[in-house]
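Student: So that you can map any letter, position 254 of the sequence shown is 257 in my numbering, and since no number is skipped, the others follow by simple counting.
We put the CB at the ideal spot given by N, CA and C, even for glycine.
The model shown is predicted, which means the values in this text are computed figures rather than measured ones.
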Amino acid sequence: MNIYTTDKIRNVVLLGHGGCGKTSLVEAMAYVSGLTTRIGKVTDGNTISDYDKEEIKRKFSITTSVVPLIWQDCKINLLDAPGYFDFVGEAEEAVSAADAAIIVVSGKAGVEVGTQKAWDLCEKYKLPRMFFVSEMDVDHASFRQVVQDLTDLYGKKIAPFYQPIRENEKFVGYINVCKMAGRRFTDIGKREECEIPEYSKENLAICREALLDAVAETSDEFMERYFNGEEFTFSEIRAAMKFNVCDGTVIPVSMGSSTELRNIHNLMNDIVELFPSPDKKSCNGINMKTNEIFEANYDFSKTKSAYVFKTIVDPFIGKYSLIKVSSGVIKSDDTLYNQDKDAEEKLNKLYIMQGNKPIETTELHAGDIGAIGKLANTKTGDTLSTKAAPIVFGRTEISKPYTYMRYKAKNKGDEDKISQALAKMMEEDLTLKNVNDSENRQTLLYGMGDQHLDVVVSKLEEKFKVSVELSKPKVAFRETLKKKADVDSKYKKQSGGHGQYGHVKMTFEPSGDLETPYVFEQIVVGGAVPKNYFPAVEKGIQESVVKGPLAGYPVVGVKAVLYDGSYHPVDSSEMAFKTAASQAFKKGFMEAGPVLLEPIVTMTVTVPDKYTGDVMGDLNKRRGRVLGMNPIAGGKQEVVADVPMTEIFGYSTDLRSMTGGSGEFSYEFARYEQAPADVQAKEVEARASETAE
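1) Spatial neighbours of residue 198 within its chain, please: CB distance less than 7 Å, with the 5 preceding and 5 following residues excluded, ordered by chain position.
2) Do the CB positions of residue 504 and residue 424 come within less than 8 Å of each other?
3) Any idea what DSSP makes of residue 480, helix, strand or coil?
4) Using the Cβ count rule (16 or more neighbours within 10 Å means buried), how would you classify residue 630?
5) From residue 160 to residue 125, what distance separates their C-alpha atoms?
6) Taking the alpha carbon of residue 321 as the reference point, which residue from 153, 359, 9, 591 has its own alpha carbon closest?
7) So if DSSP puts residue 677 in a beta bridge, which residue, or which two residues, is it bridged to?
8) Check residue 35 in the structure and name its three-state DSSP category.
9) Which residue or residues does DSSP assign as beta-bridge partners of residue 326?
10) Are there 16 or more other CB atoms within 10 angstroms of the CB of residue 585, so buried, or fewer, so exposed?
11) Return the Cβ separation of residue 67 and residue 112 in integer angstroms, given the expectation that the two are a contact with Cβ distance under 8 Å.
12) Contact defined as beta carbons within less than 8 Å: I believe residue 365 pairs with residue 306. What is the distance between those atoms, to the nearest angstrom?
13) Locate the beta strand (DSSP E) running through residue 355, then write down its first and last residues.
14) Taking Cβ to Cβ, would you say residue 21 is nearer than 8 Å to residue 86?
15) What distance in whole Å lies between the Cβ atoms of residue 671 and residue 615, which are believed to be in contact at a cut-off of 8 Å?
16) Could you tell me which of 624, 638, 7, 636 sits nearest to residue 647, measuring between CA atoms?
17) Quick check for students: name the residue ranges of the alpha helix (DSSP H) that lie wholly in the stretch 198-285, counting only runs of 4 or more.
18) Quick one: residues in its chain with C-beta nearer than 6 Å to the C-beta of residue 128, no 5 flanking neighbours on either side, listed in chain order?
19) Is the Cβ-Cβ distance between residue 341 and residue 287 less than 8 Å?
20) Under 7 Å: does the beta carbon of residue 659 sit that close to some heavy atom of the ligand ZN?
21) For the alpha helix (DSSP H) holding residue 659, just list the boundary residues, first then last.
22) Please confirm if residue 203 has its CB atom under 8 Å from at least one CB of chain C.
23) Please determine, among 445, 550, 313, 545, the residue with the shortest C-alpha to C-alpha distance to residue 378.
24) When you compare only the Cα positions, how much space is there between residue 189 and residue 133?
25) Do the stretch 543-557 and the stretch 567-574 touch if we need at least three Cβ pairs shorter than 8 Å?
26) Output yes or no for whether 8 Å exceeds the beta carbon distance between residue 17 and residue 105.
27) Please specify which runs of the beta strand (DSSP E), each continuous and at least 3 residues long, are wholly inside the stretch 548-611, giving them in chain order.
28) Can you give me the C-alpha to C-alpha distance between residue 215 and residue 229, rounded to a whole angstrom?
29) Determine the closest residue to residue 666 out of 92, 675, 231, 655, with distance taken between C-alpha atoms.
30) Ends of the beta strand (DSSP E) at residue 295?
31) Return the bridge partner residues of residue 179 from the DSSP annotation.
32) Within a Cβ cutoff of 6 Å, which residues of the same chain sit near residue 474, ignoring the five residues on either side of it in sequence?
33) Do residue 395 and residue 386 count as a contact pair if the criterion is CB distance below 8 Å?
34) Can you look up residue 343 in the DSSP assignment and give me helix, strand or coil?
35) Does DSSP classify residue 159 as helix, strand or coil?
36) Can you tell me which residues form a DSSP beta bridge with residue 320?
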């Protein structure tokens with residue numbers, strides 16, 4: 004592939020609801036641009052961007068892939084991001100590397116939750132964007148309805164560029180709204196002029212008005228002319244469009260058919276003409292040597308720097324670090340410095356990724372996207388630069404996983420292999436976490452939702468040949484006491500020669516501090532228990548609080564006081580007093596009104612206004628206490644509630660089905676509270692049967 008300078012590069016991410024046609028659009032663009040000679044289909048599992056076995060099996064995108072196309076002597080780096088919410092981390096990585104976005108909307112399904120989430124992601128990263136309404140060849144596809152819905156949501160900045168011409172339920176041509184001219188398709192990428200059909204004129208007037216409204220909003224002069232009834236010329240409309248698409252004040256709406264390759268050429272023309280090259284975007288890091296801000300700004304004349312926005316780790320194709328060059332020109336024989344890891348990395352080869360196919364290249368200019376193979380120390384989020392000017396860029400903010408399951412190896416002895424496989428997968432997927440919960444003797448897998456964890460299990464089996472089974476995780480309860488108990492405990496053992504003798508009198512009561520397992524005091528008078536045995540008594544308590552007598556959970560908030568006892572000058576030992584204290588603790592704890600404490604999390608749920616009632620009702624069912632509601636931008640509410648940890652299992656799935664996928668939640672541990680009697684009884688019984696097994 005040729006070398007492209009910064010002004011000839013367009014980095015475009017494809018976003019949208021799962022199943023809206025993003026991958027099919029990539030196939031159509033690849034074919035029309037001459038990259039491929041056949042059109043792959045998601046259903047056939049032979050597309051460029053969905054190459055992973057899991058994607059082929061499930062027929063939807065799981066990871067972001069890069070497909071570079073050449074059009075009008077420009078290089079368009081297409082980033083095909085997954086639309087399903089469980090793989091949002093991939094979309095976030097793709098957006099961080101893009102300079103503009105195409106939000107794909109199905110002409111049949113219309114504006115969906117994923118459409119709005121894609122918009123929100125573009126807003127967060129301030130990306131210029133356009134909408135592409137796909138599936139215009141399908142019966143009941145309605146471009147007019149999509150434009151109407153988008154205008155209702157986002158206002159007058161929505162500007163339809165084209166209007167479909169349909170005859171006998173077939174998509175046969177389009178009207179260019181800027182030129183007010185009809186075009187009929189004759190062949191792939193070819194069309195001829197045609198009359199604007201009478202039946203299209205009413206809709207065209209609406210589209211034209213929406214477009215001119217958007218153009219008029221771009222300047223006071225245009226607004227005045229618009230109100231005076233003056234017409235804008237095609238070149239004025241196009242010039243206004245270029246300027247205002249870049250600053251986000253105009254959002255074009257295009258349309259077409261990926262399967263019939265209709266209007267794809269216009270979409271690619273618009274990408275090249277209306278979307279900005281990388282050097283139109285600011286990009287700042289910090290020079291760690293001078294501690295000054297480094298304005299990279301995708302300037303090829305500055306010192307070399309690149310940001311690693313994604314990592315591919317695959318047992319079949321190896322490890323590739325996907326980079327976006329932030330400044331300078333990176334060459335295949337460079338030695339780059341990773342400031343984050345304080346390590347130098349020698350590049351042997353530089354690649355352009357075409358799906359999963361690495362194509363060697365000699366250099367990458369600022370703003371371009373490529374890949375480096377087999378970097379030993381570099382991970383996603385790291386910066387590569389030179390040792391003379393070590394630069395660090397801010398890391399992309401990736402969504403945090405809150406859905407988790409317990410996992411176990413199906414085959415004994417596979418634990419190490421599973422751990423290594425998960426480490427590789429976590430390098431690739433920053434929304435995946437592997438946590439060892441030693442307290443409950445369980446290993447936990449965190450992901451963005453049940454489907455995400457299901458894919459992880461499947462990948463472990465398919466790629467790494469290890470099997471795990473998922474189950475409901477245990478919750479970390481605590482045990483404490485509510486009353487005071489006075490205990491007399493004697494440990495006496497005679498077994499020839501020296502015996503064992505330890506005798507303690509102790510009280511156990513709440514300490515009032517649930518952060519600390521126990522407080523130990525001694526008020527022994529007259530040497531009833533010699534001082535040198537006090538540490539042994541405390542050791543007995545210290546070991547006992549690790550696994551409480553009620554249900555085997557850690558004990559908190561206990562005050563243990565040694566006030567009397569007795570000893571034997573020959574048979575007493577540290578071990579005997581430790582055992583006597585341990586027995587005293589078990590007996591005293593069970594006599595002092597033992598209770599289970601359950602962990603409480605403070606949960607924040609963000610939902611559109613219309614779902615607030617359903618969400619609050621559901622939180623009440625989960626024993627949640629709603630603390631407050633805050634209205635936020637975009638007609639949404641933020642519901643804050645305290646919810647017991649035991650009740651949030653499966654919440655991700657329930658919230659999605661309740662809100663059609665539009666709800667989001669996060670939580671953090673708040674405190675421990677006494678569990679209700681029924682929850683305590685159930686838990687004690689469950690632990691007893693576990694121990695019996």
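Tutor: Result, derived from the coordinates:
1) 185
2) no
3) If DSSP states are grouped into helix, strand and coil, residue 480 belongs with coil.
4) That one is exposed.
5) Straight-line measurement puts the Cα of residue 125 at about 15 Å from the Cα of residue 160.
6) It is 359.
7) 600
8) Three-state result, residue 35: helix.
9) 311, 373
10) buried
11) Taking the Cβ atoms as the reference, residue 67 lies roughly 22 Å from residue 112, outside the contact range of under 8 Å.
12) Actually they are not in contact, since the Cβ atoms of residue 365 and residue 306 sit about 19 Å apart, beyond 8 Å.
13) DSSP places residue 355 inside the beta strand (DSSP E), whose first and last residues are 353-357.
14) yes
15) Actually they do not touch by this definition, with Cβ atoms about 22 Å apart.
16) 624
17) 201-219, 223-230, 237-249, 267-277
18) Residues 98 of the same chain have their beta carbon placed closer than 6 Å to that of residue 128, with the five preceding and five following residues left out of the count.
19) no
20) Only the bare structure without any ligand can be found here, which leaves the ligand ZN out of the picture.
21) 654-662
22) Absent from the structure is chain C; it holds one protein chain and no more.
23) Nearest of 445, 550, 313, 545 to residue 378, Cα basis: 313.
24) So the alpha carbons of these two residues sit roughly 26 Å apart.
25) Result no; under three Cβ-Cβ pairs closer than 8 Å.
26) Taking 8 Å as the Cβ cut-off, residue 17 and residue 105 qualify as a contacting pair.
27) 561-569, 597-611
28) 8 Å
29) Closest option to residue 666, Cα to Cα, is 655.
30) 295-298
31) 165, 184
32) 409
33) yes
34) coil
35) helix
36) Per DSSP, none; premise fails for residue 320.
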